[in-house]
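Per the numbering used here, numbering through the sequence shown is continuous, rising by one, with the last residue being 1229.
Where a beta carbon is used, it is the ideal one built from N, C-alpha and C, also for glycine.
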Amino acid sequence: MTSKPNPKPKRHRGIILTLQGWHKLQQAKQVVETNKNWGRRFTIEQLSEQTGLSLRTISRILNRDAGVDKQSLEYFMKAFGLELTKGDFARPISPIEELVARQSNPQHDWGEAVDVSVFYGRTEELMQLQQWVLSDHCRLVGLLGIGGIGKTTLAVKLARHVQAKFKIVVWRSLQNAPLLEELLEDLLRSILQVRREDPVIPSSWEGKLSKFMECLRSQRCLLILDNVETILSGAGHAGEYREGYEGYSQLFKCIGESLHASCLIITSREKPREIALLEGEEQKVQSLQLKGLTPDEGRDLLKHKGQFTGTDAEWSLLIEHYGGNPLALKQVAAGIQELFDGSITELLEYIEQGGTVFDDIRDLLECQYNRLSEFEQEAILWLAINREPVSLVELAKDVVTPVSKRGLPEAIRSLLRRSLIEKAGKQFSLQPVVSEYITEKLIEQVSEEIVTADARRWTQIERKNIYVRPLQVAVQKFLLQTHAIMKATAKDYVRETQKRLIVQPVVERLLTELGSQQALEQQLRYLLKQLQEKAPLQQGYTGGNLLNLLAYLKTDVRGYDFSNLTIWQADLRRLNLAGANFHNAYLAKSVFAETLSNVISVAFNQDGNLLSIDNEGQMCIWRMEDCQRLLTLKVQSSSTSTVAFNPNGSILASTSDDNAVRLWDTQISECVGVLQGHTVLVFSLSWSPDGDILASGSSDRTIRLWDVHTGHCLRTLQGHTDGVSALSFSSDGQILASACVDSLIRLWDVSNGECCKVMQGHSRTIRSLRFSPDGSILASGSDDCSIRLWDRKTGKCLKVLEGHIDIVQSLAWSPDSHTLASGSYDCSLRLWDVQQGRCLKILQEHTSTIWWVAWSPDGLILASGSNDSSVRLWDVQQARCFKILQGQSKSIRSVAWSPDGLTVASGSDDSIARLWDVREGKCLKELHAHTRNGGLAISYPRAKSVNSLNHQLLATGSSNGTLKLWDTKTGEVLKVLTGHLSVVWEVCWSPDGRTIASCSNDGTVRVWDTETGEALRVLHGHTNWVTSVCYASTKGFSNSPDALLLASCSLDGSIRLWDSGTGDCLKILQYGTNHILFTLSFSPDNCQIASGSDEGLIYLWDVEQGKCCLVLSGHKNRVWSVCWSPCGRTLASGSQDGTVRLWDVEQGKCLKVLQGHTNEVWSVSWSTDGHSLVSGSTDETVKFWDVRTGECRRTLKCDRLYEGMNIRGATGLNQAQKATLRALGAVGG
């Protein structure tokens, strides 16, 4: 085997112009263009000829998007008579440096604020606004006016003027109508940075608002919210809010009425009602209605757009005619240049002769739009759909026909000349007012097409156009075919915006037009049928658009026929397509659900264009460009502990339950080596930078260094007193760091195998070690919830990073060594500034343990893999998730018999409790228990406690820390119990049914009143996760005869016996050290407790004596569940090894091994008569066993998302995608 050398992190070479230098150059260039090029801009070719520089260098200089050498800048400046001075250039900064810079000076968080270096007039308005903000200390100021009047530009200019008087300045645009909770989270993250507080955000929106107002009172903040009209209804009375946005009313009211020294400035086309109610001359709330520019100001603005001719009077007439609207003037300037060769006189004559008069900006936009070529209309509609700046290459991927692709570059250039679109670097976008108008145009036309058109007309016109003129003629008429109203492949936050601002309005308009949802669904089905008959497999977005509308309506499409259709950009991740027919369908660009379950690791390749994901024994390779799965490798047959790629990604190392390390060739998907020598499980791996050596750390307390080319063990490092939990090579390959369960870190000299340093500081097990890319710092993450930064040379602790509230599982350095990312059991990611030792950002979207984090090579993207069956991709600069790869796991985590024995309930990873009819084997009901994915704990009341009040109750506990009480007959939630701070492992009813006990990862046991839903007691004492809880069936204990016993076990290895009435801990049971307990159960006579451990052993305890009286061995892996038979003579156990065992507890023998599950068995439960046993497994099945014969009598499995979906002959899918669909139930392909 060979391996390539480890690549160096990408450097940002050269220099770029500062804004000062750029403006200086632009002004000089415009003078030369006026004098020597008749006022027309130089082409890039002309600039190359004039400066002697290459086209690429000129593009870099003008766009400021990449560095060039200093001499090139000097040549460019000299060509226009300028000298390059010190303030004209600077070094380009990396994305990480930019993030750190923003965080180190967060009082200037300008978000997407526009550049106001070119600004005309508004002197009086600025003076008035400054008086309100600085002198009158107004708390809420509104800038109001029609679209394009200049509200945004004036708000930025004002903020720049007054920013020195405020501690914090934050600018945010509401163009994409963020929900209030999203906005408050964003604002709080920025503000808390300045206050040097840990950026932990309250979970409820009321808590967020309270925290936000506290921030406004404690620091003087200037906040600017642009485009507030997007959250207003626009219908009915002015100033009313859209449905779902009413919370903004309370926000504005609190800011306007509360006592604080901060100020909120909003821009809007209509006045929110809070401003109308609160404003007044002596009040702290004011508003300014913006008027147009004066003739002189308008003239200055137009002169900036080119050369025009006309008298002073004609100038005044022109500007007054358009109301001094800056956007209208900019756009009409392009028309004057194009149609009248810059002559204002001719334009005014045209108007006098009856030419179109633009009464307002919308009329102007309407006229502008109607004058656009078909290529331009197609392009501008796509810009509105994309909702954020996109490049020409990205736009080309959206358009349908080759003719349109060829015409796209010229269409973009033309739109730029018309001032309808804006350019920043290589990306293009729309101004908010233009975007809103074009979006409305799209909604109106798509809705009209669905209501009035049929597919035969589309087909006939397009076929006719094949012979008469190019196909783009049909583009203008049938947007449903040429444009996607939602892009399934877009960034997640963009797609959600498209749903909110395009799909939802289309649906609302269609419901109004057609009268009912039933009529709308019928029309959509009719159009799909017409497409199949008249235009099978015609390329375009019609099929995908119709399917997305059905999905938005939550239409049951099971069994629908989508055969012979082109389905592009359909979001099918959560749509139940059981029985649907996609025979011969073209499914490119559509997005389906994934089979991810427990994501153990993620890693980028050298180029950053591929992402590898270890999904419990399956290695999945994703293409980053479109997040499509390319390849799935089955790396082993047993459960994986650890995986690691070599530096060039060609070899994957994995560990498993047989104590060996395997090497896999990722190109051919074959095992190319087995490294044997460890005597116990291997928990950690690390590759040397050159890829020649692999280090492995084991529970046998040793580290082995392997020559991966020969498979020989080069050296065994000994010295640790417990299992080796983490490893990391330094960047030069000379030092290997290792961590141990005993919380010590050792540094080893790789050349001689000697331990050169021992570092101590953590108080608990160390889970992760990572050397910084520059090799100077070692980071360690521990079960003590802290991260420590160590100096490699001295071995001293440089800093302790605190903030996580649970185990720190994974660490990753940014390529420039300035930022550290950490993933934790508390479900959060944190970004740390290692220089200052503080948290920059908290990323909170995962709902379970984050196992792994990884940076892309360019430092722009962070990937995280979690136990919540997802991988999330984060934009580091914006600190937000832009893509979620979400699995659809229905692994069964708990099962329980109903008191009457007629029903079995199962709880699964999709957070759904399913009720099964025992006799018929059918699913009677699905209780969508909790909103977050994760294992679901369930429990019925005990049979003896059943009465008229609780005979149909069910309790569930979820990964979000909540419990719910259900009426299983109606499916109604009766109570929601909140208090736990992390995952709820188990719930258990008391014998009398009056209380429920629950245990959690937060280390507590809680006792709840079932009638009131209140927590009666919180039991503290365990030092790790509490994994199981169980009531004794009767009262009585030698020291406490009246105590209702409650037992709990934990990962700390102990069992605690509690008096559930008082909350007192009566006894602690523990067997040796370093044991981890997952489950326990009282015997029916309360004399014994059975507990299951991570070694595959079951311990039987004498409750009275508090001693272990018997150990049952047989399972090969963790014991997840134990349960006593009603008679007390037999114990059932379920294990990670996939088996159920029945034990004779008197003789200590295994009676039967029940085999049939293909994955871990997480839960077992006896029927009330003791004749049957039910088990639930991560193979997504529930099995019923005859305990006398050991035979499986029935297997229940709920339909997978794509059960029976026909993909025979389907195209546009690669083999990995087809395999994923088949794994989720599809057939064919």
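Discussion item. Quick check: Thr642 and Ser684, are their CB atoms within less than 7 Å of each other?
Written reply: yes
Item to complete: In the DSSP assignment, find the unbroken alpha helix (DSSP H) run with Glu185 in it and report its ends.
Response: 180 to 194
Worksheet item: Terminal residues of the continuous beta strand (DSSP E) containing Asp312?
Response: Asp312 -> not in any beta strand (DSSP E); alpha helix (DSSP H) instead, spanning 312 to 321.
Worksheet item: If Ile336 and Leu347 are in contact, beta carbons under 8 Å, what's the gap, nearest whole angstrom?
Response: 5 Å
Worksheet item: Cys1087 lies in the beta strand (DSSP E); which residues open and close that run?
Response: Premise fails: Cys1087 is in no beta strand (DSSP E) and is neither H nor E.
Worksheet item: Just checking my contact of Leu251 with Arg242 at CB under 8 Å: how many whole Å lie between their CB atoms?
Response: Rounded, the Cβ-Cβ distance is 14 Å, inconsistent with contact.
Worksheet entry | Extent of the continuous alpha helix (DSSP H) run through Asp1137 | Looking at the DSSP string, Asp1137 is not in any alpha helix (DSSP H), and its letter there is neither H nor E.
Worksheet item: Contact check, Leu365 vs Val451 under 8 Å by CB: the rounded distance?
Response: Leu365 to Val451, Cβ: 24 Å. No contact.
Practice prompt. Drop a sphere of 10 angstroms on the beta-carbon of Val1005, count the other beta-carbons inside from all chains shown, and report buried for 16 or more, exposed for fewer.
Written response: buried
Discussion item. I need the boundaries of the alpha helix (DSSP H) containing Asp492, first residue and last residue.
Written reply: Unbroken alpha helix (DSSP H) run through Asp492: 492 to 498.
Discussion item. Could you compute how far the alpha carbon of Asp917 sits from the alpha carbon of Glu1203?
Written reply: 21 Å
Worksheet item: Are the CB atoms of Val1174 and Ile892 nearer to each other than 7 Å?
Response: no
Discussion item. What ranges does the alpha helix (DSSP H) occupy inside the stretch 845 to 904, keeping only unbroken runs of at least 4 residues that lie completely in it?
Written reply: Correct list: empty.
Worksheet item: Taking C-alpha atoms, which residue in Leu302, Glu338, Gly306 lies nearest to Leu329?
Response: Leu302
Discussion item. For Lys423, count the other beta carbons within 10 Å of its own beta carbon; 16 or more makes it buried, fewer makes it exposed. Which is it?
Written reply: exposed
Worksheet item: Ordered along the chain, which non-local residues of its own chain (more than five positions away) have a Cβ less than 6 Å from that of Val398?
Response: Note on residue identity: the sequence assigns Asp, not Val, to residue 398. Counting only Cβ-Cβ distances below 6 Å, and skipping sequence neighbours, we find Trp382.
Item to complete: Identify which residue in Gly1063, Thr1062, Cys263, Ala1090 has its Cα closest to the Cα of Leu1069.
Response: Ala1090
Fill in: Beta-carbon separation (whole angstroms), Leu811 vs Leu801, contact threshold 8 Å
About 10 Å separates the two Cβ atoms, so there is no contact after all.
Worksheet item: Taking Cβ to Cβ, would you say Gly1092 is nearer than 7 Å to Phe1078?
Response: yes
Worksheet item: Given a threshold of 16 other Cβ atoms within 10 Å of its Cβ, counted over all protein chains shown, does Pro402 qualify as buried or as exposed?
Response: Its Cβ having fewer than 16 others within 10 Å, Pro402 is exposed.
Worksheet entry | Leu549 versus Lys487, Gly579, Gly559, Lys589, residue with shortest Cα-Cα distance | Per the Cα distances, Lys487.
Discussion item. Assuming Glu279 and Ser287 are in contact, meaning their beta carbons sit under 8 Å apart, how far apart are those beta carbons, in whole angstroms?
Written reply: 6 Å
Worksheet item: For Val503, which residues from the same chain have a beta carbon less than 6 Å from its beta carbon, with the 5 sequence-adjacent residues on both sides left out?
Response: Ile485, Met486, Tyr552
Worksheet item: Mind checking Val680: buried by the 16 CB within 10 Å criterion, or exposed?
Response: exposed
Discussion item. Across the stretch 163 to 178 and the stretch 303 to 316, are there enough close Cβ pairs to call them in contact, namely three or more that are closer than 8 Å?
Written reply: Pairwise C-beta distances place the stretch 163 to 178 out of contact with the stretch 303 to 316, as fewer than three of them are shorter than 8 Å.
Discussion item. Using a Cβ distance threshold of 8 Å, determine whether the stretch 144 to 162 contacts the stretch 197 to 210, with at least three qualifying pairs required.
Written reply: The stretch 144 to 162 vs the stretch 197 to 210: no contact.
Worksheet item: So Cys1198 packs on Val1164, CB below 8 Å; how close in whole Å?
Response: Contact doesn't hold; Cβ gap of about 19 Å is too wide.
Worksheet item: Do the stretch 579 to 593 and the stretch 848 to 868 make contact, defined as three or more Cβ pairs closer than 8 Å?
Response: With fewer than three CB-CB distances shorter than 8 Å, the stretch 579 to 593 does not count as touching the stretch 848 to 868.
Fill in: Touching by the beta-carbon criterion (3+ pairs, under 8 Å), the stretch 409 to 420 and the stretch 516 to 530
no
Worksheet item: Thinking C-beta only, is Ser730 closer than 7 Å to Phe771?
Response: Result yes, Cβ atoms of Phe771 and Ser730 sit closer than 7 Å.
Worksheet item: Where does the unbroken alpha helix (DSSP H) through Phe252 begin, and where does it stop?
Response: 247 to 257
Worksheet item: With Leu1051 and Trp1058 assumed to form a contact (beta carbons below 8 Å), what rounded beta-carbon distance in angstroms separates them?
Response: Contact flag wrong, Cβ pair sits at about 18 Å.
Practice prompt. Can you tell me which of the three DSSP states Gly691 falls into?
Written response: coil
Worksheet item: Are Lys24 and Phe80 close, meaning C-beta to C-beta below 7 Å?
Response: Contact flag unset, no.
Worksheet item: Do you know offhand how far Val1111's Cα is from Thr765's?
Response: Roughly 27 Å separates the two Cα atoms.
Practice prompt. Look at the alpha carbon of Glu197 and the alpha carbon of Leu264, and state the distance between them as a whole number of angstroms.
Written response: Looking at the two C-alpha atoms, the distance is approximately 22 Å.
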